[in-house]
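In what follows, a single structure is set out as structure tokens and then discussed.
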Amino acid sequence: MPAHARRYPSPTRVAAMMSDRRTLLKGMLGVAGLALTPELLAACGSSGGGSSASTVTFGCNGSDAVPKAAFAAMTSAFGKSSGETVKTNTVDHDTFQNNITSYLQGTPDDVFTWFAGYRMQFFAGKGLAHEIDDVWNQIGGNFTDAIKALAKGTDGHYYLVPLYNYPWAVFYRKSLFAAKGYQVPTNWDGFLALAGQMKKDGLIPFSLGYGQGDSWAPLGTFDFINLRINGYDFHKSLMGGKESWTDARVKDVFTHWSQLVPFYQQGAAGRKWQDAAQSLINKETGMYVLGSFVSQQFTNAADLADLDFFLFPEINPVYGTESIEAPTDGLMMCARPKNESGSAKFLEFVGSAQAENDYLNIDTSELAVNKLADTSKYSDLRKKCVQAIAQAKNVTQFADRDSDPGFISNVVEPAVSTWLGAPATTDSVLNQIQSQKSQYFQS
Amino acid sequence: MTAIPSTHRSRRRRHVRRFGTTDKLVLALMVGLPSLVVAVFVLLPALGSVLLSFTDWDGIGVNTIKFIGIQNYVEIFTNYPAFWPAVEHNLIWLGFFVLIPTPFGILLAYLLDKKIRFSRVYQTAIFLPMVISLAVVGFIWEIIYDPDNGLLNDLFGTNKQGHYIDWLGNPHLNLWAALVAASWRHVGYIMILYLAGLKGFDSTLREAAQIDGANEWQAFTRVTFPALKPINIIVLVITTIESLRAFDIVYVLGGNNGTKPGMELLSLLITNNILGESSHIGYGSALAVVLLVVSLAGIITFLVQNFRKEARP
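From first to last, the protein sequence lines stand for chains A and B. Residues in the first sequence are numbered from 0 upward in steps of one, following numbering that gives the first Met the number 0. Residues in the second sequence are numbered from 0 upward in steps of one, following numbering that gives the first Met the number 0.
Spelled out as structure tokens, the structure:
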């Protein structure tokens, strides 16, 4: 489910649009309520009675039909094995996100769904989440080090149990590459040469669409170029607001990126990612830098079997292709849960292979993060995705998850949209980002 | 003001004295309750916004509210690339609405008022967009403007590499695209309002003018239009309000994720900064105050002028 996998895309457009509006109104009410009634801010769940000690409340943003059923399967399996009851409170995905601040300060559920990385660390740092080191003592062996790093707050404690993720890469159709004799490029020059060859052959080298709400889409390419040139640590500190955007290293990223711009599909600023994916299906375009959720558009089984990907090619040999973008979702515990021991037991269960299997048997658009989870039923593409993430030395979460989401959506995304229309303006665009940065990052 | 004769006034005062206790209670309730509701739901939050606009607050915990004086305003005016375009776009929106769809709606109403055949059908067709939610209107136009499969690009053959017209993406085009979509809806609204006015208009006035030798244009500009002053005021107020609160259609066409270059509007900037998980409530409130001042300035001037005219003998 795109709405699930990414922050913004939604499968059914009409429904999404209607809910956008509803969401917004609810969000506004939420903000108004927050401003008017400060006493609401007082405590996390201390006032609520009604639920006995053996009940764990679970705030869940899996509001689409498939994730909802998948979460239900997982919670009922936990209920059977533990004797605890999980009371799930499902909230519309976007509403949940927009109201998270007031939700966590009001009467949140004991356990809630959230995103790994900076966005988890932000709320952990504000004291709105409970550390779960004890849970991790039990489940630590089930995860790779790169995944463990995603579950830790800046204070070194664990705050999240990851459930699933998906990778970003360069997607293409095997049959097209075979027919034209294209080879998967291994470095930047090869990448540009391949794009040039495609253009010569009358293809559009890269699908691109960042219209309507999809202005996050180009940032995948930005992140990858940055990771390949400047490495994981620089990515983290740039996204964390600790580096200057006018730094020569950032300029270098944009210089490299501008070499791709002539190869992009035109009309991209008004196109949704789904339609850009359609061009890849129709073999009008050759490649698409996107998350593996692109496969959801490949509704024809033969087309889907033809879909493949390669890792974004190496630029600087020092960093090779050691990092991959794989946004990860998981579960957290609120700061003052009503049923702490039950919540811990539930989170421990979520960190088990059984929970992963229960969930992913139903929601097959996501990938297991648990090393022990059963991937035998996965398609070749999904197996390759799991492998790509498992091999990576560093797993990043995508720009809007590794950084302050407001900074990315209000500052970086409009700036990048402007830049893609006029790549000669790199300096002024970067100055613009840099000058607004201080509003979002205090330190 | 002096025009009101004093006898008139004293008579009115005697009139008030005749109210019994029940009447007074009912009156107090009828005036008091709405006033209370307005105070609690409009005035207090507005005041709260003004106060918050001088602070820095991420919405987490009341104790983190930090008073920072006018810094938000300084930032907005000097260091927010989306702000001045947003002001400009709001003004363009207002100008466009006053100049194009509003007169067009009036023209349609005037034509439909002349007992032409199928008038009801036309009325319904033109008013239909008004019945549809703005989000759906946005969805319809999104399909029309789609770069690959949209109606417009299909018709013009501009959906191929090298020939694209990016209606919603091109920063020089997308505001106008949104304005056309919004106008499509606004025209019907104005038409119905004006039609209602025309139905109540005493047509003998116009006939008299025509007997006096006035042509159609003169009859409209010199007789009908001035006689429909109350409706004109409503139409103008509605057009102004619709322009200042323009939001939904751009929210749909431009996306709910940050602002799209070329489609910035004050209302969008406010929600972008306040909603979501990293909210800047102080900053967003300062933007809201700017919009409030702009709206109040317009509305107050307008109302003062009108009441002054009304009060004249």
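C-beta: ideal position from N, C-alpha, C; glycine also.
### Task
Identify the continuous beta strand (DSSP E) that holds Tyr163(A) and give its terminal residues.
159 to 164 is the span of the beta strand (DSSP E), which, as asked, contains Tyr163(A).
### Task
Could you name the residues of chain B that Pro217(A) contacts, counting a contact when the two beta carbons are closer than 7 angstroms?
Per Cβ cutoff of 7 angstroms: no residues; Pro217(A) is ~12 angstroms from chain B at best.
### Message
For the beta strand (DSSP E) containing Gly285(A), name the first residue and the last one.
### Response
284 to 290 is the extent of the beta strand (DSSP E) around Gly285(A).
### Task
Please go through the segment 207 to 270 of chain B and give each complete beta strand (DSSP E) segment of 3 or more residues, from N-terminal end onward.
Listed in chain order, there is nothing to give.
### Query
Just how far apart, CA to CA, sit Gln137(A) and Asn430(A)?
It is roughly 47 angstroms from the alpha-carbon of Gln137(A) to the alpha-carbon of Asn430(A).
### Query
Is the Cβ-Cβ distance between Gly58(A) and Val85(A) less than 8 angstroms?
Taking C-beta atoms as the reference points, Gly58(A) and Val85(A) fail to come closer than 8 angstroms.
### Three-state class that DSSP yields for Ala421(A) in the structure shown
Reduced to three states, the DSSP call for Ala421(A) is coil.
### Query
Can you tell which of Pro80(B), Ala81(B), Leu51(B), Thr63(B) has the C-alpha that lies nearest to the C-alpha of Gln70(B)?
Distance from the Cα of Gln70(B) is smallest, within the candidate group Pro80(B), Ala81(B), Leu51(B), Thr63(B), for Leu51(B).
### Query
If you count every other CB in all the chains shown that lies within 10 Å of the CB of Arg270(A), and 16 or more means buried, which is it?
With 16 or more neighbouring CB atoms inside 10 Å of its own CB, Arg270(A) falls in the buried class.
### chain B residues whose Cβ lies nearer than 9 angstroms to that of Asp274(A)
Within 9 angstroms Cβ-Cβ: Asp145, Pro146, Asp147, Asn148.
#### Entry: First through last residue of the alpha helix (DSSP H) which encompasses Val249(A)
Counting along the chain, the alpha helix (DSSP H) containing Val249(A) begins and ends at 247 to 259.
### Task
Tell me where the beta strand (DSSP E) around Asn281(A) begins and ends.
No residue range can be given for Asn281(A), since it is assigned to no beta strand (DSSP E) and is classified by DSSP as neither H nor E.
### Query
So Leu162(A) and Gly341(A) are in contact, right, with Cβ under 8 angstroms, and what is the actual spacing, rounded?
Not confirmed; about 18 angstroms, so no contact.
### Task
Consult DSSP for Asn393(A) and reduce its assignment to one of helix, strand or coil.
Looking at Asn393(A) - three-state DSSP - the assignment turns out to be strand.
### Query
So Glu324(A) is in the beta strand (DSSP E); what residue range does that whole segment cover?
If you look at Glu324(A), you'll find it in the beta strand (DSSP E) that goes 322 to 324.
### Task
Give me the Cα-Cα distance between Leu23(A) and Asp426(A), rounded to the nearest whole angstrom.
Reliability of the predicted coordinates at Leu23(A) is poor, the pLDDT of 44 falling under 50, and no value is obtained from them.
### Query
DSSP three-state call for Tyr263(A): helix, strand or coil?
Under the three-state reduction of DSSP, Tyr263(A) is assigned to strand.
### Query
How close, in whole Å, do the beta carbons of Ala145(A) and Met331(A) come, if the pair is a contact with beta carbons under 8 angstroms?
With a Cβ gap of about 19 angstroms, Ala145(A) and Met331(A) do not count as contacting.
### Message
Pairs of beta-carbons, one from the segment 161 to 175 of chain B and one from the segment 262 to 269 of chain A, closer than 8 angstroms: are there three or more?
### Response
By the Cβ rule, the segment 161 to 175 of chain B counts as touching the segment 262 to 269 of chain A, because three or more pairs are nearer than 8 angstroms.
### Query
Does any residue of chain A bring its CB to less than 8 angstroms from the CB of Lys65(B)?
It does not: the Cβ of Lys65(B) has no partner Cβ on chain A nearer than 8 angstroms.
### Task
State the DSSP-derived secondary structure class of Gly366(A), mapped to helix, strand or coil.
According to the sequence provided, residue 366(A) is Leu. The question's Gly does not apply to it. Strand.
### Message
Starting from Phe114(A), trace the alpha helix (DSSP H) in both directions and tell me its first and last residue.
### Response
Bounds of any alpha helix (DSSP H) do not take in Phe114(A); it lies within the beta strand (DSSP E) bounded by 110 to 114.
### Query
Does any C-beta atom of chain A lie closer than 8 angstroms to the C-beta of Asp211(B)?
No - not a single Cβ of chain A is within 8 angstroms of the one on Asp211(B).
### Task
Return the CA-CA distance between Phe219(B) and Arg205(B), expressed in angstroms with no decimal places.
Roughly 8 angstroms separates the two Cα atoms.
### Query
Who does Leu306(A) pair with in a DSSP beta bridge?
Under DSSP, Leu306(A) shares a beta bridge with Arg172(A).
### Interface positions of the segment 83 to 102 of chain B facing chain A (Cβ-Cβ less than 8 angstroms), listed along the chain
Here the close residues number zero.
### Euclidean distance between Cα positions of Lys173(A) and Glu276(B)
If I take the Cα positions, the gap works out to 40 angstroms.
#### Entry: Contact with chain B by Ser416(A), beta-carbon distance below 8 angstroms
Yes, Ser416(A) counts as interfacial toward chain B.
### Message
For Ser80(A), would you say it is in contact with chain B, using Cβ-to-Cβ distances shorter than 8 angstroms as the test?
### Response
At a cut-off of 8 angstroms, the C-beta of Ser80(A) has no neighbouring C-beta in chain B.
### Pro170(B): contacting residues in chain A (beta-carbon distance under 9 angstroms)
By Cβ distance, chain A contributes Ala268, Ser416, Thr417, Gly420.
### Message
Let me see if you follow: with CB-CB separation under 8 angstroms, is Asp91(A) close to chain B or not?
### Response
Not a single C-beta of chain B is nearer than 8 angstroms to the C-beta of Asp91(A).
### Task
Go to Val85(A), then tell me how far its beta strand (DSSP E) extends in each direction, as first and last residue.
Unbroken beta strand (DSSP E) run through Val85(A): 84 to 89.
### Message
Cutting at 7 angstroms between CB atoms, please list the residues of its own chain near Ala391(A), excluding the five before and the five after it.
### Response
Here the set comprises Ala145, Glu321, Ser322, Ile323.
### CB-CB length for Trp135(A) against Ala216(A), believed under 8 angstroms
The pair is not a contact, with the Cβ atoms about 34 angstroms apart (cut-off 8 angstroms).
### Query
Would the beta-carbon of Thr327(A) fall within 8 angstroms of that of Leu149(A)?
Their beta carbons are under 8 angstroms apart, which means Thr327(A) touches Leu149(A) by this criterion.
### Task
Starting from Thr185(A), trace the alpha helix (DSSP H) both ways and give me its first and last residue.
For Thr185(A), there is no enclosing alpha helix (DSSP H), since its DSSP letter is neither H nor E.
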